[in-house]
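J.: Sequential numbering from 28 applies to the sequence shown in this note's numbering. I'd like to ask you about the structure that follows.
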Amino acid sequence: MGMPRPLLLAVALMAATAVVVVDGQLFPTFYDATCPVLPSVVRRGMAQAVQKEARMAASILRLFFHDCFVNGCDASILLDDTANFTGEKNAGPNANSLRGYEVIDAIKAQVEASCKATVSCADIVALAARDAVSLLGGPSWTVQLGRRDGQTANQNAANTNLPPPDATLSDLLTRFSAKGLDARDLTALSGAHTVGWARCTTFRAHIYNDTAVDGAFAAQVRGKSCPSAGGDGNLAPLELRAPAAFDNGYFKDLVARRVLLRSDQELYGSGAGDGTTDALVRAYAANATLFAADFAAAMVRLGRLALTGKSGEVRINCRRVNS
28 MGMPRPLLLA VALMAATAVV VVDGQLFPTF YDATCPVLPS VVRRGMAQAV
78 QKEARMAASI LRLFFHDCFV NGCDASILLD DTANFTGEKN AGPNANSLRG
128 YEVIDAIKAQ VEASCKATVS CADIVALAAR DAVSLLGGPS WTVQLGRRDG
178 QTANQNAANT NLPPPDATLS DLLTRFSAKG LDARDLTALS GAHTVGWARC
228 TTFRAHIYND TAVDGAFAAQ VRGKSCPSAG GDGNLAPLEL RAPAAFDNGY
278 FKDLVARRVL LRSDQELYGS GAGDGTTDAL VRAYAANATL FAADFAAAMV
328 RLGRLALTGK SGEVRINCRR VNS
């Protein structure tokens, strides 16, 4: 009999990173006494941002992923470069594509106005990601709180830890396992690609050179969004049916081989692994409720990668460490 999942998570985290959290160190009522307005302030800020631009919801969700995969969910992704400091914003997977920093800045300013030096930027990002999903019609979940903000960043880890758009299934499973996440977490979290957009440079090779893609779909994307040369920054929705709705359409597209990223298609029909992700993709394509539940649970597990207690700090400005 295998280890219980929470214990397996803890063991994997200890093996992969110094950022380890016991469940009891994060809890949803962390700010109930010190900043009771926090949930409403974050929700209002996200609602305003998404009303202005629906795409921003996917951007904030991606911001959370890219933060958590490098040194845990410590808001290190938000730190600006300085003369003496190189942050993660200009790492390969982030430069010219990661966005939403100003949304977090605005929410943080509102939180600071009510609860000075109390709420970490990391917790704001975690709450904002949850609200981003629910505002697009996706599931909600109880966010565990009590994260602390990192006092450093790691551009090299951002370049090496974040999965590239051409990652194989084996590579994806290895990267997620290093964070204490399994094949079910990988498949469910990949469902975030039911919203958002991708740049031509990230999917050109897939739609031009890969046999694991529907021909009509590839031709459509080539003609509309991605020429064989040039147009690297052209955008296309990751899920063509309803790119602003958080649903299970992404998994239906995987089955039909109508996705932009090779790393996404690896989850289904790649012939790699033991078929676990294939079965999960079929299950999520057929059952939106199952996908929603598994996605929410995986987001909670991902969010446990954190600094807590006296580690780190609560930044006053999310873009720089406290002086």
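Just so it is clear, CB atoms sit at the ideal spot from N, CA and C, and this is done for glycine as well.
Which residues in the same chain as residue 347 place their Cβ atom closer than 7 Å to its Cβ, once the five residues preceding and following it in sequence are excluded?
T.: The residue you call residue 347 lines up with position 320 of the sequence shown. Hits under 7 Å: 106 and 107.
J.: Less than 6 Å between C-beta atoms, sequence neighbours within five positions excluded: which residues of the same chain meet that for residue 245?
T.: In the sequence shown, counting from the first residue as 1, residue 245 sits at position 218. Closer than 6 Å at Cβ, skipping near neighbours: 234.
J.: Mapping DSSP to helix, strand and coil, what is residue 214?
T.: As a first step, residue 214 must be located in the sequence shown, where it is residue number 187. It is helical.
J.: For residue 347, does the three-state DSSP call read helix, strand or coil?
T.: One-based indexing of the sequence shown puts residue 347 at position 320. Residue 347 falls in the coil class under three-state DSSP.
J.: Quick one: complete alpha helix (DSSP H) runs, 4+ long, within the region 265–324?
T.: Listed in chain order, the complete alpha helix (DSSP H) runs (minimum 4 residues) inside the region 265–324 are 276–282, 289–292 and 303–313.
J.: Apart from the five residues on each side of it in sequence, which residues of its chain come closer than 7 Å, Cβ to Cβ, to residue 52?
T.: For this step, residue 52 is matched to residue 25 along the sequence shown. Here the set comprises 173, 335 and 336.
J.: Rounded to a whole number of angstroms, what is the C-alpha to C-alpha distance between residue 211 and residue 198?
T.: Position 184 of the sequence shown, counting from 1, holds the residue named residue 211. Position 171 of the sequence shown, counting from 1, holds the residue named residue 198. Distance between the alpha carbons of residue 211 and residue 198: 15 Å.
J.: When you compare each of 257, 129 and 252 to residue 265 by their alpha carbons, which one comes out closest?
T.: Numbered from its first residue, the sequence shown carries residue 265 at position 238. Closest by alpha carbon: 252.
J.: Does the Cβ-Cβ distance between residue 223 and residue 134 come in under 8 Å?
T.: Translated into the one-based positions of the sequence shown, residue 223 becomes position 196. Translated into the one-based positions of the sequence shown, residue 134 becomes position 107. No, Cβ-Cβ distance for residue 223 and residue 134 is not below 8 Å.
J.: Among 201, 158 and 178, whose alpha-carbon lies nearest the alpha-carbon of residue 350?
T.: What you label residue 350 is simply residue 323 of the sequence shown in a count that begins at 1. It is 178.
J.: What is the residue span of the beta strand (DSSP E) that residue 226 lies within?
T.: Counted from its first residue, the sequence shown places residue 226 at position 199. It spans 224–226 - the beta strand (DSSP E) in which residue 226 sits, taken as one unbroken run.
J.: Within its chain, find whatever has a CB closer than 6 Å to the CB of residue 319; leave out the 5 residues flanking it on each side and keep chain order.
T.: As a working note, residue 319 is residue 292 in the sequence shown. So the list reads 166, once near-sequence residues are dropped.
J.: Kindly indicate which residue of 294, 255 and 248 has the alpha-carbon position closest to the one of residue 214.
T.: Start at 1 with the first residue of the sequence shown, and residue 214 comes out as number 187. The candidate whose alpha carbon is nearest that of residue 214 is 294.
J.: Just how far apart, CA to CA, sit residue 90 and residue 127?
T.: For the purposes of this step, residue 90 is identified with residue 63 of the sequence shown, where counting begins at 1. For the purposes of this step, residue 127 is identified with residue 100 of the sequence shown, where counting begins at 1. Straight-line Cα distance between these residues: approximately 7 Å.
J.: In whole angstroms, what separates the C-alpha of residue 187 from that of residue 304?
T.: Your numbering for residue 187 matches position 160 in the sequence shown. Your numbering for residue 304 matches position 277 in the sequence shown. Answer to the nearest angstrom: the Cα atoms are 23 Å apart.
J.: Hey, which unbroken runs of the alpha helix (DSSP H) at 4 residues or more fall wholly within the region 133–163?
T.: Those alpha helix (DSSP H) runs which fall completely within the region 133–163 and span 4+ residues are 148–162.
J.: Below 6 Å CB to CB, which residues in the same chain sit around residue 194 once its five sequence neighbours on both sides are set aside?
T.: The sequence position of residue 194 within the sequence shown is 167, counting from 1. Cβ within range, chain order: 290.
J.: Looking at residue 344 and residue 312, is the spacing between their C-beta atoms short of 8 Å?
T.: The count along the sequence shown starts at 1 and reaches residue 312 at position 285. The count along the sequence shown starts at 1 and reaches residue 344 at position 317. No, these two residues do not count as a Cβ contact at 8 Å.
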